[in-house]
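The block underneath contains the structure these notes are about, expressed in structure tokens.
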Amino acid sequence: MRIFLISLFMLVSMATHAETITVPIGQQGMDKANMERPVKGMTDKDVVAKFGEPLSWSEAVGTPPISKWVYPEYTVYFEANYVIHTVMNPSQTAE
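In the working numbering, the protein residues as written are 89 to 183.
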């Protein structure tokens, strides 16, 4: 009986083992590094003209007013009507 329980425990332990793969932050999004995206100083009208309407956006909050527009691959942050930063969205991986 004792050998059976030890064997069962080992079998369950092996079944729950998973491998964790880590990707250094500096290598994340390298496939999108050369993707054209809004740059600092562009106006909101320039962004719409060049990249189209965003999927969603948030209203401006705070002083100075900061808002964000979400596109499929990146999120654009505005101060008033000018781009201050563009951030790549996390990659969606199939599991």
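A virtual CB, placed ideally from N, CA and C, is assigned to each residue, including glycine.
First and last residue of the uninterrupted alpha helix (DSSP H) at Ala137: 132-139
Own chain residues within Cβ distance below 7 Å of Arg125, not counting five before or after: Tyr162, Thr174
Unbroken beta strand (DSSP E) run spanning Met176, endpoints: 170-176
Beta-carbon gap between Val164 and Val135 smaller than 8 Å: yes
Neighbourhood of Ala148 by C-beta distance below 6 Å, restricted to the same chain and skipping five residues each side: Ser155
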